[in-house]
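The structure appears below as structure tokens.
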Amino acid sequence: MLHSVFISYSRQDSSWADALVRDLTGQGVRCWIDREGIPFSVPWRDEVEDAVQACDLFLVCDSEHWRASSACATEAAYALRYGKVRLEVPVGRDVDTAAQQVARAWRQAARRHGTATELSVRARDWDADGRSHKGLAPWRLRRKFDALRGERALSAVESAYIAASRRRTRRQTAASGALTLLLLVAYVSGQVAPGVEKEVNKRLAAQSDRFSDTRAALAVIDADPYRGLRLASGLGSDESVADAQILEAALAVDLPDDAFTLPVAGRRFATPTVGALVRVTAEDGSTWARGAADRTRRSATRSGAGGVGEKPSADGAPTVTSRAGSARLEVLSGDGSLRRVVLPAAARGTARLSPDQRWVAVPTDAGIALVDIGRGTVRDVLAGAPGLVTDVAWAAKGDRIWGLAGSSVVSWKLADGKLLLDEPGSWFQDLFPAQDTAHLWVASRNGELRLLAAHSGTVVRTLKVHGTISFAASDRGGKHAVVAAVGDAAGRVRVVDLATGATTPVATPSGCTPGRPVYARDGRHFYVPCLYSDILVVDAGSLRVTGRIDVPQPGVTAVALDPSGDGLFLTTVKGDVDSAVPGSAPVLLHRVGCAPGIEAIATAPGPRILPVGTGTGVSGCTQIARPEGHDGYRWDTLMDAPPDSVLALAAAYDPTGAAFAIGYSDGSVVLHPSDNAMPRQVLSHIPGGVRSLLTLPAAAGSGSLYVATRAGVLVRVPWCPSCLSNKAMAKVAGRRLRHAQDLGLAPTGATAKPRTST
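The opening residue of the sequence shown carries number 1 in full-length UniProt numbering; numbering runs sequentially from there.
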């Protein structure tokens with residue numbers, strides 16, 4: 001319901017919420033509440049997200065029940081994503097007083113944000129409908145939308161919607177005379193062109209069917225991921241956003257890649273950790289096993305008993321507590337801190353701690369919940385088992401989970417890319433290239449710089465720097481590195497000779513807190529951003545500060561080298577993106593509308609510019625630039641898909657500039673194609689917050705993406721920009737469907753036929 005109040009409440013507070021809605025309705029306030037008008041065939045999350053996007057005021061009926069509700073948390077996350085005005089009213093307050101407060105807040109929000117809300121919803125529906133003529137704005141409303149350009153940055157879809165509305169208005173004006181003449185001729189002749197009305201109705205019906213198909217497909221994916229793969233495998237005939245949404249949703253569901261059956265129903269895994277054999281104890285007490293790596297076998301054989309019981313926890317390991325029928329999980333860490341996690345559904349079995357003590361797997365009514373212990377959040381839900389999973393077991397390496405569902409045993413692979421380093425006690429802070437693309441450097445917070453083989457992760461050389469490393473960067477030749485460190489009495493910035501390990505301090509001003517440095521293209525000098533202040537220019541030979549780039553208040557937060565010249569791009573905490581060269585003042589290129597705190601900048605030839613930081617992923621807060629015209633840029637807004645975070649500390653383009661990646665503080669990495677920004681691929685199984693991303697080119701192809709996290713993990717992910725298209729992802733969906741059919745998890749039959757574009 002457009003221009004309404006979204007009522008977010010707990011069902012346990014229904015009586016008070018109902019009274020408030022009645023009072024508000026009597027005052028002429030339109031309300032949306034999730035009990036009314038939701039067809040059972042429509043996914044709840046989609047309907048709620050649409051309603052939040054369409055509202056002008058997000059009302060929280062605050063209570064202990066509301067704060068404990070995962071559904072309410074989802075609604076609040078949508079409100080944050082769409083930047084909605086939020087009002088909290090305690091449950092139990094006098095209803096008349098609360099209703100008057102809500103009515104005033106709604107009318108004020110509608111006056112200030114109503115036009116922007118209507119544009120957002122109209123553009124969304126128009127894009128989902130295949131960008132047809134249906135739903136375009138009339139000229140009076142379009143002029144109001146045009147006026148929003150001076151208030152905030154419009155998304156790419158909103159700009160395209162306004163442009164299409166403007167073109168239609170012009171066509172209508174130009175055609176009005178011809179239409180009048182046509183009607184006059186028809187009147188005089190007594191005939192109307194046959195079939196015109198029929199053709200119009202046919203096109204409208206086709207566009208409506210396209211929108212309905214998209215929504216129905218998302219509902220199918222939510223209810224049956226294998227049917228969702230069948231639908232997705234038939235797409236790929238165009239690169240529409242609607243098809244991209246379906247493909248993203250279908251491929252985002254983690255499904256089993258291995259399965260076998262038992263002749264009787266299983267009771268539990270004989271051991272909580274799977275080694276060379278997967279052992280299951282049946283209901284009748286017998287034990288059955290299959291080789292963990294024997295993926296061609298689809299059945300187990302009888303095995304001798306043994307291994308029953310829990311493996312004792314290591315000293316200091318977290319203690320995990322869950323109860324069947326409860327949607328809560330408690331994790332007591334070794335340091336005594338307690339985390340309570342809300343699961344997506346009621347638990348059905350024992351929670352299992354991963355061998356590296358970073359994850360917990362919990363069988364629930366919705367699938368296996370994968371909980372990140374470090375953040376205390378559910379990062380993924382593993383689905384696709386032929387029935388409810390009642391017990392789980394981890395592979396010894398922690399890269400796989402086994403689930404028991406009746407007489408079926410299924411397995412999910414959790415690794416995203418190849419694990420190069422896995423050091424739970426470490427904190428990786430930065431990555432930078434070496435002299436050759438066969439190696440790279442990783443900087444740890446404890447002051448270690450290590451040279452690694454890029455393919456295997458083998459440590460070739462280790463250097464030590466005094467203090468705690470916060471940032472590090474190398475010159476283009478990979479011979480020297482500039483390191484910003486805390487706690488080094490000799491200086492906060494040091495230059496390291498990467499061949500010998502010799503370090504030399506740089507005499508920076510005492511008030512400078514250094515950010516990530518960057519070398520100039522010629523290597524003769526480098527730039528050190530003083531966070532929330534100016535930029536120092538340092539001579540690489542003498543290591544003396546030879547200049548300063550003055551940055552307007554509140555100062556610089558990140559810098560990056562312009563790949564097309566000798567200039568710099570710099571950002572501020574207000575969301576400004578500037579360009580600068582030594583000896584001249586910065587020039588404002590763009591101002592991100594929601595003023596995010598930018599933490600890092602990625603660049604690519606063109607140049608392409610991607611600033612990320614606080615708010616990345618929220619609508620309007622992530623904007624990407626590509627060249628347009630002579631010395632100009634086109635800034636497009638994108639909405640990312642982070643599972644649990646809106647803080648991005650790293651970003652990188654692939655070597656060709658055809659794709660980019662954003663790394664979030666929850667450990668998720670989202671891959672995008674550069675031109676369309678969709679379809680996306682989300683990597684959600686990397687533990688620890690992402691601190692640095694690095695791309696290295698390969699002899700052929702686009703090379704690899706390296707991901708370093710604060711949990712001591714370094715992962716190599718193959719880059720494939722051409723894989724981030726509807727056509728390519730439809731082929732992946734087809735392969736996954738055929739594999740699921742081979743495993744006996746999905747019904748066999750012809751895959752969906754490609755849909756013809758309308």
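Here a beta-carbon is modelled for each residue, glycine too, at the ideal position from N, C-alpha and C.
Note that the structure is predicted; figures quoted are calculated from it, not measured.
Query raised in the report: For L235, which of helix, strand or coil comes out of DSSP?
Result: The three-state reading of DSSP puts L235 in coil, since its state is none of H, G, I, E or B.
Query raised in the report: Does DSSP put T97 in a helix, in a strand, or in coil?
Result: Correct three-state label for T97: helix.
Requested in this report: Hey, could you find the ends of the beta strand (DSSP E) H455 is sitting in?
Outcome: Going by DSSP, H455 is part of no beta strand (DSSP E) at all; its letter is neither H nor E.
**Report entry** Environment of R516 [buried if 16+ CB atoms lie within 10 Å]
**Finding:** Classification for R516: buried.
**Report entry** Bridge partner(s) assigned by DSSP for R548
**Finding:** DSSP lists L536 as the beta-bridge partner residues of R548.
Query - Same chain only: Cβ atoms within 7 Å of G523, ignoring 5 sequence neighbours per side - result: D475, R476, G477, A540, listed in sequence order.
Report task. Can you tell me the Cβ-Cβ gap for Y78 and V48, rounded? I've got them flagged as a contact below 8 Å. Result -> Sure, about 7 Å apart at Cβ, within 8 Å.
Requested in this report: Would you list the one or two residues that DSSP bridges to F428?
Outcome: BP columns for F428 point to S444.
Query raised in the report: Looking only at DSSP bridge pairs, what is K464 linked to?
Result: E448.
**Report entry** L421 beta carbon less than 9 Å from that of L452
**Finding:** A distance below 9 Å separates the beta carbons of L452 and L421.
Requested in this report: With DSSP collapsed to three states, give me the class of C61.
Outcome: C61: strand per DSSP, three-state reduction.
Requested in this report: Could you tell me whether the Cβ atoms of T695 and G689 are closer together than 9 Å?
Outcome: In terms of Cβ geometry, T695 and G689 do not form a close pair [threshold 9 Å].
**Report entry** Validate contact between the segment 662 to 677 and the segment 105 to 125 using beta carbons, cut 8 Å, 3 pairs
**Finding:** Touching, no, given that fewer than three Cβ pairs across the two stretches are closer than 8 Å.
Query raised in the report: Once you ignore the five residues that flank A385 on each side, which residues in its own chain have a CB closer than 6 Å to its CB?
Result: G403, A405, V410.
Requested in this report: Please go through the same chain and pick out, in chain order, the residues whose beta-carbon is closer than 7 Å to the beta-carbon of F526, but skip the five residues on each side of it.
Outcome: Cβ within range, chain order: V482, P517, V518, Y519, A520, V538, A540.
Query raised in the report: Quick one: what's got a C-beta closer than 6 Å to A217's C-beta in the same chain, skipping five residues either side?
Result: Only L231, I246 meet the Cβ criterion.
Query raised in the report: Which class does P90 belong to by DSSP, given the choice of helix, strand or coil?
Result: The DSSP-derived three-state label of P90 is strand.
Query raised in the report: Under a three-way DSSP split, which group does A289 fall into?
Result: Strand, per DSSP.
Query raised in the report: What did DSSP end up calling T616 once you bin it into helix, strand or coil?
Result: T616: coil per DSSP, three-state reduction.
Query - Proximal residues to S41 (C-beta, below 7 Å), its chain only, five neighbours per side dropped - result: Bear in mind that the predicted position of S41 carries a pLDDT of just 40, short of 50, making it unreliable; the figure below should be weighed with that in mind. Correct list, in chain order: A219.
Query raised in the report: Going by Cα to Cα distance, which pick from L449, A650, L531 is closest to A502?
Result: The residue among L449, A650, L531 with its C-alpha nearest the C-alpha of A502 is L449.
Requested in this report: Measuring alpha carbon to alpha carbon, tell me which of R302, G374, T296, G291 ends up nearest P318.
Outcome: Closest by alpha carbon: G374.
Query raised in the report: Hey, how far is the Cα of G83 from the Cα of T74?
Result: Their Cα atoms are separated by approximately 14 Å.
Query raised in the report: Residue range of the alpha helix (DSSP H) that Q245 falls in?
Result: In the DSSP assignment, Q245 falls within the alpha helix (DSSP H) that extends over 241 to 252.
Query raised in the report: Does any residue of chain B bring its CB to less than 9 Å from the CB of D578?
Result: Given the protein chain composition of this structure (a single chain), no chain B is represented.
Query raised in the report: Is the CB-CB distance between V717 and P687 below 9 Å?
Result: At a Cβ-Cβ threshold of 9 Å, V717 and P687 do not count as neighbours.
Query raised in the report: Which of helix, strand or coil does DSSP assign to T513?
Result: The three-state secondary structure of T513, taken from DSSP, is coil.
Query - Paired residues, beta bridge with Q623 - DSSP - result: According to DSSP, which records beta bridges pairwise, Q623 is partnered with T637.
Query raised in the report: Beta carbon of L589, beta carbon of A625: below 9 Å?
Result: Contact check for L589 against A625 passes: the beta carbons are separated by less than 9 Å.
Query raised in the report: Just how far apart, CA to CA, sit A327 and V342?
Result: Distance between the alpha carbons of A327 and V342: 6 Å.
Query raised in the report: Counting pairs of beta carbons, one from the segment 118 to 126 and one from the segment 234 to 243, are three or more of them closer than 8 Å?
Result: Judged by Cβ distances under 8 Å, the segment 118 to 126 makes no contact with the segment 234 to 243, as fewer than three pairs qualify.
Query raised in the report: W402 lies in the beta strand (DSSP E); which residues open and close that run?
Result: W402 -> beta strand (DSSP E) spans 400 to 405.
Report task. May I have the straight-line CA-CA distance separating S15 from L251, to the nearest angstrom? Result -> The straight-line gap from Cα to Cα measures roughly 41 Å.
Report task. Evaluate T458 with the Cβ neighbour count: other Cβ atoms within 10 Å of its Cβ, from every protein chain shown; 16 or more gives buried, anything less gives exposed. Result -> Exposed, since its Cβ has fewer than 16 Cβ neighbours within 10 Å.
Query raised in the report: Taking the alpha carbon of A156 as the point to measure from, which residue in R634, R93, Q681 has its own alpha carbon closest?
Result: Checked all of R634, R93, Q681; the closest Cα to A156 is R634.
Query raised in the report: What is the DSSP secondary structure of K418, reduced to helix, strand or coil?
Result: Three-state DSSP puts K418 in a strand.
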